[in-house]
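Visitor: Sharing a structure, written as structure tokens. Questions coming.
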Amino acid sequence: MLSVFQMDPLWSTENIKALQCLLRNPEDDDADFDPEDKHPSAMARMKPSDIGPRKAKKSEAKGDTNERKKNPDDIWDIDEIPEGTQFEDIYDPRPQPEYELFYKQSVTKYHQWVK
Numbered sequence: 001m002l003s004v005f006q007m008d009p010l011w012s013t014e015n016i017k018a019l020q021c022l023l024r025n026p027e028d029d030d031a032d033f034d035p036e037d038k039h040p041s042a043m044a045r046m047k048p049s050d051i052g053p054r055k056a057k058k059s060e061a062k063g064d065t066n067e068r069k070k071n072p073d074d075i076w077d078i079d080e081i082p083e084g085t086q087f088e089d090i091y092d093p094r095p096q097p098e099y100e101l102f103y104k105q106s107v108t109k110y111h112q113w114v115k
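According to the UniProt record's numbering, the sequence shown is numbered sequentially starting from 1.
Below is the structure:
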């Protein structure tokens, strides 16, 4: 019965050494590697980031950095929101009434006991 390593050409010596070179940390000491492994093939020097097309670098010449990116889900633009208090209607000509709010709470024995 043949083993998986004998049947599959993927597990050749070159491919295993290339995988070893790919997975090793370049900052580690190279003393544990053979001298013949110092010059691996071009495939062995490939990294996962080498697969696929390269991304274009973002240009550093951006426009105004203070501009906020527009969210397509926003209903209004930030400039369309009126300034002032949140519930004040600036287009209402009627005078604002003067009022005070008082809050009442019934304090029971339970509230006194919890404190």
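All C-beta atoms in this analysis are idealised placements derived from N, C-alpha and C, irrespective of residue type, glycine included.
Under DSSP, the alpha helix (DSSP H) around N15 begins and ends at which residues?
Guide: Position 15 of the sequence shown, counting from 1, holds the residue named residue 15. Looking at the DSSP string, the run of the alpha helix (DSSP H) that includes N15 is 13-23.
Visitor: Let me check you understand the geometry: is the CB of P97 closer than 7 Å to at least one non-hydrogen atom of the ligand FAD?
Guide: This structure lacks the ligand FAD; in fact it carries no ligand of any kind.
Visitor: Roughly how many whole angstroms lie between the Cα atoms of residue 136 and R24?
Guide: Lying before the first or after the last residue shown, residue 136 is absent from the chain, which here runs from 1 to 115.
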